[in-house]
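This report concerns only the one structure given below.
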Amino acid sequence: MSLTRPAAVVVLAAGEGTRMKSRTPKVLHGIGGRSLLGHALTAARALEPHRLAVVVRHERDAVAAHALEIDDDAMVVDQDEVPGTGRAVQCALGALDAATHAASLVHDEPGHGGELAARELEGAVVVMAGDTPLLDAGTLAELLRAHDEDGNAVTVLTTTVENPFGYGRILREEGAVVGVVEERDATPEQREIREINTSTYVFDAAVLREALGAVDQDNDQGEVYLTDVVALAHRKGLSVRAISVDDSWLVEGVNDRAQLAALGAELNRRTVESWMREGVTVVDPATTWIDVEVELARDVAILPGTQLHGATRVGEGSTIGPDTTLTDVTVGAGVTVVRTHGSDAVLEDGATVGPFAFLRPGTHLGPRGKIGTFVETKNAQIGAGSKVPHLTYVGDAEIGEESNIGASSVFVNYDGVHKHRTVIGSHARTGSDNMFVAPVTVGDGAYTGAGTTIREDVPPGALSVTGASQRIIEGWVLRRRPGTPAAAAAEKALSDGGAGLSPQARAERERSADGGATTPRDQQAPGNTDEGDTQR
Ligand code: UD1
Ligand code: CA
Numbered sequence: 001m002s003l004t005r006p007a008a009v010v011v012l013a014a015g016e017g018t019r020m021k022s023r024t025p026k027v028l029h030g031i032g033g034r035s036l037l038g039h040a041l042t043a044a045r046a047l048e049p050h051r052l053a054v055v056v057r058h059e060r061d062a063v064a065a066h067a068l069e070i071d072d073d074a075m076v077v078d079q080d081e082v083p084g085t086g087r088a089v090q091c092a093l094g095a096l097d098a099a100t101h102a103a104s105l106v107h108d109e110p111g112h113g114g115e116l117a118a119r120e121l122e123g124a125v126v127v128m129a130g131d132t133p134l135l136d137a138g139t140l141a142e143l144l145r146a147h148d149e150d151g152n153a154v155t156v157l158t159t160t161v162e163n164p165f166g167y168g169r170i171l172r173e174e175g176a177v178v179g180v181v182e183e184r185d186a187t188p189e190q191r192e193i194r195e196i197n198t199s200t201y202v203f204d205a206a207v208l209r210e211a212l213g214a215v216d217q218d219n220d221q222g223e224v225y226l227t228d229v230v231a232l233a234h235r236k237g238l239s240v241r242a243i244s245v246d247d248s249w250l251v252e253g254v255n256d257r258a259q260l261a262a263l264g265a266e267l268n269r270r271t272v273e274s275w276m277r278e279g280v281t282v283v284d285p286a287t288t289w290i291d292v293e294v295e296l297a298r299d300v301a302i303l304p305g306t307q308l309h310g311a312t313r314v315g316e317g318s319t320i321g322p323d324t325t326l327t328d329v330t331v332g333a334g335v336t337v338v339r340t341h342g343s344d345a346v347l348e349d350g351a352t353v354g355p356f357a358f359l360r361p362g363t364h365l366g367p368r369g370k371i372g373t374f375v376e377t378k379n380a381q382i383g384a385g386s387k388v389p390h391l392t393y394v395g396d397a398e399i400g401e402e403s404n405i406g407a408s409s410v411f412v413n414y415d416g417v418h419k420h421r422t423v424i425g426s427h428a429r430t431g432s433d434n435m436f437v438a439p440v441t442v443g444d445g446a447y448t449g450a451g452t453t454i455r456e457d458v459p460p461g462a463l464s465v466t467g468a469s470q471r472i473i474e475g476w477v478l479r480r481r482p483g484t485p486a487a488a489a490a491e492k493a494l495s496d497g498g499a500g501l502s503p504q505a506r507a508e509r510e511r512s513a514d515g516g517a518t519t520p521r522d523q524q525a526p527g528n529t530d531e532g533d534t535q536r
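For the sequence shown, UniProt numbering begins at 1 and goes up steadily by one.
Following this line, the structure appears as structure tokens:
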């Protein structure tokens with residue numbers, strides 16, 4: 001990307017970030033699905049530096065571990081107790097020099113021939129803050145190119161803002177950059193300056209090393225200021241230049257949670273817009289959130305209220321939303337996902353999901369498959385063309401191809417101690433309201449009746465129904481719930497010529513109207529035991 005690879009990039013991440021008021025170190029807070037430090041390291045790595053150093057101190061272990069997780073080639077450098085951005089860079093330079101020296105010893109060993117390797121870092125050193133998430137590789141590359149082409153000792157990235165409060169101001173004389181003064185050290189006239197330091201620079205390594213050796217702590221904060229290097233280099237007659245960016249968002253830092261949200265919204269606005277330019281329909285950009293690592297194909301349509309997180313991928317012509325949140329979900333082509341919450345799932349081409357589906361990790365829906373309304377799935381492989389249309393929980397299961405699971409079924413996977421698997425074959429049709437008590441298998445082409453509890457394996461092609469047959473207990477409500485609206489309704493229906501009665505009851509009623517003996521049931525007094533009620 002850049003004309004020349006920088007010798008090193010130094011990312012500053014040792015500061016406290018007090019204004020975040022958080023247990024989590026500032027640079028570990030994130031926007032667009034990536035930590036602030038992750039954004040900085042991604043931009044830094046794109047420059048292909050020979051070495052990449054991250055300076056840590058506050059919450060050192062958490063920040064160091066996170067940095068290495070993102071980029072295991074990064075060099076983690078500890079800042080000592082001396083405070084300030086200048087000290088942070090000095091610590092980094094010390095470590096970079098030591099690494100360069102160590103590499104030179106290997107280089108100078110017999111058999112490595114050629115000229116002597118450098119004993120300390122030489123060339124361009126890019127310095128950037130870890131809390132400036134919109135700073136992109138393109139802007140850094142331009143800064144580096146200007147530094148190289150002009151042969152500068154120091155090139156500082158600046159921008160001009162409406163309200164420069166809190167920033168270091170760029171001091172110029174006859175147009176030339178002569179120094180940077182911090183807000184708290186500035187005179188009232190200097191505070192009027194609206195061109196600010198973005199904390200992004202390219203330095204010549206030798207100039208930086210020498211100047212940092214001369215910087216004192218004589219300022220309002222008693223810190224070693226990196227910004228003082230600018231004035232020192234100028235005083236030595238070296239070439240110091242500023243490159244200004246018009247788009248201030250790119251260089252805005254996060255200091256508190258309001259800025260975190262503002263930058264998060266701006267990053268999202270840019271991400272959504274770039275996908276629209278790639279051929280994605282976004283009906284409502286304001287309520288659509290897309291993380292930076294998400295990938296979308298052409299003619300994907302995203303309906304309002306949709307969030308796509310992590311490594312979510314969506315294939316051509318699929319429609320997602322409204323009101324859908326997908327995290328690390330792989331969606332094929334021509335898929336429809338409506339009002340769904342999903343993570344770590346795969347939906348193959350032509351599948352349909354929702355409305356109101358909950359896809360938990362390990363859900364894999366085959367081509368043309370369906371996960372319908374009020375369905376929850378977890379660790380479930382559902383084969384091509386198979387459907388789970390309504391009100392069902394599928395956990396720890398495998399369903400073959402072209403099978404249909406009846407409404408209101410539960411894959412009973414947990415015995416209170418262990419999870420078990422259910423396997424349903426291909427072309428199976430299970431009835432509504434089935435309980436699959438795992439571990440259990442339903443074979444290819446098998447059927448199950450409504451309301452069946454499947455505790456034993458069903459062979460291919462068999463029908464399984466639960467044994468107990470339905471019982472009718474006539475007049476139970478009239479006797480056991482007298483005075484209720486249900487009893488009144490039943491009484492009315494029964495007096496209406498017995499229209500509401502079963503055929504047996506009607507026959508019985510006709511017999512007694514003919515003067516026959518009353519049935520034993522009629523003799524039962526209210527308040528009989530349930531056993532009495534079981535008579536038919
Ligand atoms: C700094 C600049 C200021 C600039 C502003 C842009 C200095 C003296 N000032 O001010 O000119 O306008 O950034 O946002 O450089 N850090 C360390 N070690 C430290 C102190 C800070 O690594 O001892 C890191 C922080 O983690 C952060 C970066 O350096 O990533 C900037 O530090 P911060 O305290 O935010 O500097 P500002 O006061 O904002
Ligand atoms: Ca800052």
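Built from N, CA and C at the ideal position, the CB exists for glycine as well.
Computed from a predicted model, the values in this text were never measured in an experiment.
Residues near residue i in its chain [Cβ-Cβ closer than 7 Å; skip 5 each side]
| i | result |
| --- | --- |
| ALA262 | none |
| ASN197 | VAL156, THR158, TYR167, GLY168, ILE170, VAL180, THR227 |
| ALA92 | VAL10, ALA53, VAL55, VAL77 |
| MET20 | LYS26, HIS29, ASP256, ARG257 |
| HIS50 | ARG5, ALA7, ALA8 |
| ALA233 | ALA153, VAL154, VAL207, ALA211, VAL240 |
Residue i - partner residues in DSSP beta bridges
| i | result |
| --- | --- |
| ASP204 | ALA124 |
| ARG313 | GLU295, THR330 |
| SER464 | THR448 |
| GLY395 | LYS378 |
| HIS364 | VAL346, GLN381 |
| GLY440 | Here residue 440 is Val; the residue named in the question, Gly, does not match the sequence. THR422, per the DSSP bridge assignment. |
| PHE358 | HIS341, GLU376 |
| MET435 | VAL410, THR453 |
| LEU260 | Answer is none; LEU260 lacks a bridge partner. |
| ILE170 | VAL180 |
| HIS390 | THR373 |
| ILE290 | LEU308 |
| ASN404 | LYS387, ARG429 |
| THR198 | THR198 is not bridged to any residue. |
| ILE302 | VAL282, ILE320 |
Contacts around residue i, its chain only, beta-carbon distance under 8 Å, and the 5 residues preceding and following it disregarded
| i | result |
| --- | --- |
| ALA333 | ALA297, GLY315, GLU316, GLY317, SER318, ASP349, GLY350 |
| GLY451 | GLY431, SER432, ASP433, ASN434, THR466 |
| SER35 | VAL27, LEU28, HIS29, HIS66, ILE70 |
| ALA486 | VAL477 |
| ASN379 | ARG360, PRO361, GLY362, THR363, GLY395, ASP396, ALA397 |
| LEU47 | MET1, SER2, ARG5, PRO6, VAL9, VAL126, ALA137, LEU140, ALA141, LEU144 |
Cβ-based neighbour list, residue i, same chain, cut-off 6 Å, excluding 5 preceding and 5 following
| i | result |
| --- | --- |
| HIS390 | GLY372, THR373, ALA407 |
| TRP289 | ASN268, GLN307 |
| ASP323 | GLY305, ARG339 |
| THR18 | none |
| ASP204 | ALA153 |
| GLY385 | ARG368, GLU401, GLU402 |
| THR327 | HIS309, GLY310, SER343 |
| VAL282 | VAL272, MET276, THR288, ILE302 |
Contact check, residue i vs residue j, beta carbons under 9 Å
| i | j | result |
| --- | --- | --- |
| VAL465 | MET435 | no |
| LEU121 | LEU96 | yes |
| ASP148 | THR4 | yes |
| LEU52 | VAL89 | no |
| GLN221 | ARG184 | yes |
| GLY321 | PRO304 | yes |
| ILE243 | ALA146 | yes |
| VAL127 | VAL230 | no |
| THR312 | VAL335 | no |
| ARG421 | GLU456 | no |
| VAL240 | ARG194 | no |
| GLY425 | VAL442 | yes |
| LYS387 | SER409 | no |
| VAL224 | THR100 | no |
| LEU144 | LEU250 | no |
| ASP291 | GLY32 | yes |
Closer than 8 Å: residue i CB and nearest ligand 3 heavy atom
| i | result |
| --- | --- |
| GLN79 | Absence of ligand 3 is noted for the structure shown, with ligand 1 and ligand 2 being the only ligands found. |
Give, in chain order, every unbroken run of the alpha helix (DSSP H) that is at least 4 residues long and sits entirely within the UniProt domain "MobA-like NTP transferase" (9-168). 36-46, 60-70, 85-108, 137-150
Taking only runs that begin and end inside the stretch 172-196, name each unbroken alpha helix (DSSP H) of 4 or more residues, in chain order. 188-191
Of all the beta strand (DSSP E) runs that stay within the bounds of the stretch 212-248, which reach a length of 3 or more residues? 240-245
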